[in-house]
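Protein chains in written order, with our numbering: chain A, 1 to 310; chain B, 1 to 493; chain C, 1 to 388. Just so it is clear, CB atoms sit at the ideal spot from N, CA and C, and this is done for glycine as well. The model shown is predicted, which means the values in this text are computed figures rather than measured ones.
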């Protein structure tokens, strides 16, 4: 018991870090599903590409050989901006190419298209950048030892950055959805696409924006992953996408605060599972969480009751 | 390009056009083919397939044929679940693995259990049905998309468990017991033995797989013609209406799952015996994607389509192994694609001529700009020890191509850049409206495609194969969701 | 009658076309042993994971195999070697069709590879039947040599040697009393970790056993557990250097100042030392081949490798050695008047050469005689051999 309590605070920090990343990915899934009822399998690969974009920016601005070309804070900012922009545009491109023609097709068609898109992206990255792990030299931007110690807990600067930026982005997104006209349009399209169109909402544009924002968040998650966990490789999107989706479902798919909650919760569950059960079964545990939620409470934690309109 | 949404009257008025079927050469072949009674068709195809081993002493080719049969059976099973019942089961490969591991545990020295083959296979069938029902029951409550993810998770967990269940602590044993052999897998499995005849080489297994394929085809066909098949189809089209008509959708779904699982499980058992061992990585997402691509390419819901898809997708990667053959296949495919997919045919020919001319023109320009530009490819064509006529022809073709395309000294970077330009351009072109611009833009883009092939794609065949599968899935869904042999589905508003 | 022949016409024509295609795909005939006035052709196949999860390993092996062929062709002028490069990924089922293709091609006289132990097992029968000698530079499962195969050889010692070597070093030289043993759920890692765990327990060391996967991105929760367990050393039987570096980094991050002890895969200066930014200082890697940078005879090869594949570590040099073993055997077979698969096989078994300054000789099971494991430690951002 003592050991449990001793490790608990640190595992909390670990879990929150993981959870922040999962939450950002889950948000993209949730938003797209809410609007299009489509499971965007390629979302995880957008996240992976975001991580790679960040890596490329970093290798240019913070080369292996010598000193940084720009101050560290600026490099980090640029990584975020470029990755988010790039991924946002990529998301729009994917929607336009692979999903828009299938807007009215039977459900299975966009799913298979999404699967194909995911395979395409993964292998395109493998072809151009070759297989193998790339490592973020975060220690060049943020020294390894930087951080604060609260009691037995060590909160490193990078983790603090991850948690803080995730929370900031989620606050920003909530503001966007609740207080702006675009957010209103997004909510309207999610409730009923045809009615929204009749009310004068440009549905295509709203969908485009949704994809842009969701993918940009995934891109940010990719950069954050690179910064704190350092390794990026071309199949990392698969696992992360699955976990992001689990988080979205656990929180209630289509529900934005739910996705955030689900993400954080999943991160904590994973950290505790590794710490207190066994690291060996980590992946299986995530899956069981998903199954349990879907069977016992299909609407997730914060989702509305799923009604089927006839 | 957009799926058709018809009004009812329109739909009724088009009945003659629909009944007519394809015209031209394809139509005539199809008409002749359909005229032959089903039994003869099947026997004919089986006879053709059965002739293969005596014709060639090459074990490699027989193995490919066997693999095609195996994957065709798997595709058929998946077709039942996805195509007939409309359930997107992404954990299908786990049943395949389950059957294989079950066979391994029942017929090896692992636990010193050596069941006779027929008993093993029957038991595996029953076990798979059980697991199919088990996995299927949660599916009753889940919407289609959720089902996809849950089954995907199940597939991943299966691989994980097969790796980690080699150290299981049980209360009555002091040491952990090893069930699945972990990542080492299980080896030295018994060979299949039927009626005293033991299968020892590839040819034997090929015949067994062929027979199994025939059995599966027959059973599925009969099922499709029966009430169950009709019920499945109606459930796929509109589950609510089906339920309203009194069909037991729950049982139908479970039946579909169990059926697909049984086929996959028994196939897994035969595969385990054939390979002589099972390893966790035999049943990963790679295999799943391949089977799905086969079903989708062939046409979801079409029997012949599943077999055709399997044939194509199991055979083509082997072609891609030899660089010369790969090149020939690629250009042949490209040329055929241009000719067949552009209408009218004249435009297709013009495009082909245009691409060749474009390439030659570029070379001319390069010669003028940089006269000492030596387009010597760093890909050397192996001169020695190729003696089959086919390969020699492929080689000459390769040399011809190398005179046509410009090769930079370092293949990788320009190739990657070209690839990054190519993909968005192809996407844009695909969604462009037909017209003069589209036809004109096709030419440089096709040349770029050939360039990317020569510099990057042919250098990494395994990646290329997956890349093409992904692209093919997306394009198929957009342009021809019914695949090669499926029936087109429309929505009647 | 007419109707019958019409019905049979289509399948018959299909049959004829099919048969024609098949006969066209026949492999080439075997070469005669009469050498014409040109150089003597020696063709060998090279199996390795050029794509897939182990591509980092395979591409390194390929670079060294190519170097070996180049050096051979330069130094042995009357002979010309060609390498048939095959991508077999790391899973057994991908190696089998390639093995069959190779076996069917009579012009191929020997094989370097397969790389994975599971692959060797799956393809053993094919090579045995074809009489093809296959020399693996990286398959280390002990059972491969004792399976009764006449055609299997390896140039590196097996896991049964690595496990006790590492465990003894940890228990005796480093003196750790509490070790956390991890594997990466791959066949190499689990075998090694199991052996080390067993030997450590025999020596009275407290061990905790767990596994991670190669796709794991975050070890922080694991690190917290390691901290709580009081371990003095983490033995990580993994293959990916960046993963080992990550573990070391996250250990340092949480203030757990213990070394990481890894397997061959970690022996990569760039990824394990440079990219770790100092976190791996004091950590160990045990390798199945000597660090050729310290050997005078291997200096040229090391330099050429630096140019061709800068991040090479420990998988390349054994591949170089394996390739040369097969080629040298082919030369001796030709000199004895029997340049064929059987001849090459016989000569490989009789190998007694020095490659890269290291002697190579096989016992009757195909294991290389006198092989030992070497342990290196990271000191001042460089690998320094500390054992033997």
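Ignoring anything shorter than 4 residues or poking outside the stretch 56 to 125 of chain B, list the alpha helix (DSSP H) runs there in chain order.
With a minimum length of 4 residues, the continuous alpha helix (DSSP H) runs that stay inside the stretch 56 to 125 of chain B are 59 to 78, 92 to 106.
Identify every run of the alpha helix (DSSP H) within the stretch 176 to 225 of chain B, keeping only runs that are complete inside it and at least 4 residues long; order them along the chain.
Counting whole runs of 4 or more residues, the stretch 176 to 225 of chain B contains the alpha helix (DSSP H) stretches 202 to 225.
Residue 494 of chain B: which of B:41, B:59, B:452, B:395 sits nearest, CA to CA?
No answer is possible for residue 494 of chain B: the residues shown for chain B start at 1 and end at 493.
Three-state secondary structure (DSSP) at residue 92 of chain C?
The sequence position of residue 92 of chain C within the third chain is 92, counting from 1. Looking at residue 92 of chain C - three-state DSSP - the assignment turns out to be helix.
Can you check whether the CB of residue 205 of chain A is closer than 7 Å to the CB of residue 224 of chain C?
As a first step, residue 224 of chain C is located in the third chain; it is residue number 224 there, counting from the start. As a first step, residue 205 of chain A is located in the first chain; it is residue number 205 there, counting from the start. It is not a contact, given that the beta carbons lie outside the stated cut-off.
Give the residues of chain B in contact with residue 93 of chain A, contact being defined as C-beta atoms less than 8 Å apart.
Position 93 of the first chain, counted from the start, is the residue given in the question as residue 93 of chain A. Chain B residues near residue 93 of chain A: 424, 427.
Helix, strand or coil: which one does DSSP assign to residue 374 of chain C?
In the third chain, counting from the first residue as 1, residue 374 of chain C sits at position 374. Three-state result, residue 374 of chain C: strand.
When Cβ atoms are compared, which residues of the stretch 117 to 134 of chain A fall closer than 9 Å to chain C?
For the stretch 117 to 134 of chain A, which is checked against every Cβ of chain C, the residues closer than 9 Å are 126, 130, 131, 132, 133, 134.
On the DSSP bridge list, what partners appear for residue 74 of chain C?
Taking the first residue of the third chain as position 1, residue 74 of chain C is located at position 74. Per DSSP, none; premise fails for residue 74 of chain C.
Can you give the Cα-Cα distance for residue 217 of chain C and residue 13 of chain A, rounded to whole angstroms?
The count along the third chain starts at 1 and reaches residue 217 of chain C at position 217. The count along the first chain starts at 1 and reaches residue 13 of chain A at position 13. C-alpha separation (whole angstroms): 16 Å.
Tell me which residues of the stretch 213 to 245 of chain C have at least one Cβ-Cβ distance to chain A shorter than 8 Å, keeping chain order.
Per Cβ criterion, the list reads 213, 215, 216, 217, 218, 220, 221, 222, 224, 225, 227, 228, 240, 242, 243, 245.
To the nearest angstrom, how far is the alpha carbon of residue 245 of chain C from that of residue 361 of chain B?
Position 245 of the third chain holds residue 245 of chain C. Position 361 of the second chain holds residue 361 of chain B. Their backbone Cα atoms lie some 52 Å apart in a straight line.
Quick one, are the C-beta atoms of residue 202 of chain B and residue 62 of chain B less than 7 Å apart?
Position 202 of the second chain holds residue 202 of chain B. Position 62 of the second chain holds residue 62 of chain B. A contact, by the Cβ cut-off of 7 Å.
Is residue 75 of chain A near residue 159 of chain A, with beta carbons less than 7 Å apart?
Translated into the one-based positions of the first chain, residue 75 of chain A becomes position 75. Translated into the one-based positions of the first chain, residue 159 of chain A becomes position 159. Cβ atoms of residue 75 of chain A and residue 159 of chain A: not closer than 7 Å.
Under 6 Å Cβ to Cβ from residue 192 of chain B, same chain only, skipping five residues before and after it: list those, please.
Position 192 of the second chain, counting from 1, holds the residue named residue 192 of chain B. Within the same chain, residue 192 of chain B has close Cβ partners 117, 199, 273.
DSSP on residue 233 of chain C, reduced to helix/strand/coil?
To locate residue 233 of chain C, count along the third chain from 1; it is residue 233. Strand.
Helix, strand or coil for residue 290 of chain C? Go by DSSP, reduced to three states.
Sequence index remark: in the third chain, residue 290 of chain C carries index 290 (1-based). In this structure, residue 290 of chain C counts as coil in the three-state DSSP scheme.
I need the DSSP call for residue 59 of chain C, collapsed to helix, strand or coil.
The residue you call residue 59 of chain C lines up with position 59 of the third chain. It is helical.
Closest Cβ-Cβ distance between residue 279 of chain A and chain C: below 7 Å?
What you label residue 279 of chain A is simply residue 279 of the first chain in a count that begins at 1. Yes, residue 279 of chain A counts as interfacial toward chain C.
DSSP three-state call for residue 452 of chain B: helix, strand or coil?
Position 452 of the second chain, counted from the start, is the residue given in the question as residue 452 of chain B. Three-state result, residue 452 of chain B: helix.
Taking C-alpha atoms, which residue in B:45, B:87, B:355 lies nearest to residue 106 of chain A?
Stepping through the first chain from its first residue, residue 106 of chain A is reached at position 106. The shortest C-alpha separation from residue 106 of chain A is found at B:87.
Quick one: what does DSSP say residue 408 of chain B is sitting in, helix, strand or coil?
Stepping through the second chain from its first residue, residue 408 of chain B is reached at position 408. Note: residue 408 of chain B maps to coil in three-state DSSP.
Any beta carbon from chain C within less than 7 Å of residue 68 of chain B's own beta carbon?
The residue given as residue 68 of chain B occupies position 68 in the second chain. It does not; no Cβ of chain C falls within 7 Å.
Could you give the residue range of the alpha helix (DSSP H) that holds residue 334 of chain C?
Residue 334 of chain C sits at position 334 when you count from the first residue of the third chain. Residue 334 of chain C -> alpha helix (DSSP H) spans 316 to 335.
Quick one: which unbroken alpha helix (DSSP H) runs of 4-plus residues sit fully inside the stretch 173 to 247 of chain C? Chain order, please.
Within the stretch 173 to 247 of chain C, the complete alpha helix (DSSP H) runs of at least 4 residues are 187 to 202, 220 to 229.
Classify residue 82 of chain C as helix, strand or coil using the three-state DSSP reduction.
The sequence position of residue 82 of chain C within the third chain is 82, counting from 1. It is a strand residue.
Give the DSSP-derived three-state secondary structure of residue 234 of chain A in the structure shown.
Along the first chain, read from residue 1 onward, the residue named residue 234 of chain A stands at position 234. Coil, per DSSP.
Since residue 91 of chain A is in the alpha helix (DSSP H), which residue starts that stretch and which ends it?
As a position in the first chain, residue 91 of chain A is number 91, starting the count at 1. Element bounds for residue 91 of chain A: 72 to 94.
Name, in chain order, the residues that DSSP records as bridge partners for residue 360 of chain C.
Mapped onto the third chain, residue 360 of chain C falls at position 360. Bridge partners of residue 360 of chain C: C:353.
Kindly say whether residue 93 of chain C, judged by its beta-carbon, lies nearer than 7 Å to any beta-carbon of chain B.
Position 93 of the third chain, counting from 1, holds the residue named residue 93 of chain C. Chain B contact via Cβ: present.
In chain order, what residues of the same chain lie with their CB nearer than 8 Å to the CB of residue 251 of chain A, ignoring the 5 residues before and after it?
On the first chain, residue 251 of chain A is found 251 positions in, with the first residue counted as 1. Excluding residues within five positions, the ones whose Cβ falls inside 8 Å are 26, 30, 257, 258, 259, 260, 261, 262, 263, 265, 300, 301, 302, 303.
Count the C-beta pairs between the stretch 104 to 119 of chain C and the stretch 331 to 346 of chain C that are closer than 8 Å, then say yes if the count reaches three, no if not.
Contact holds: three or more Cβ-Cβ distances are below 8 Å.
Taking residue 24 of chain A as the reference, which of A:168, A:293, A:157 has the closest Cα?
Taking the first chain and counting its residues from 1, one reaches residue 24 of chain A at position 24. For residue 24 of chain A, the nearest C-alpha among the options comes from A:168.
Thinking C-beta only, is residue 314 of chain B closer than 7 Å to residue 464 of chain B?
In the second chain, the residue the question calls residue 464 of chain B occupies position 464. In the second chain, the residue the question calls residue 314 of chain B occupies position 314. Against a cut-off of 7 Å, the Cβ pair of residue 314 of chain B and residue 464 of chain B comes out as no contact.
Please identify, using Cβ separations under 9 Å, the residues of the stretch 75 to 90 of chain B that lie next to chain A, in order along the chain.
Against chain A - using a Cβ distance shorter than 9 Å - the residues of the stretch 75 to 90 of chain B are 82, 86, 88, 90.
Any contact of the stretch 299 to 313 of chain C with the stretch 45 to 55 of chain C, i.e. 3+ C-beta pairs under 8 Å?
Flag = no, the stretch 299 to 313 of chain C and the stretch 45 to 55 of chain C do not touch.
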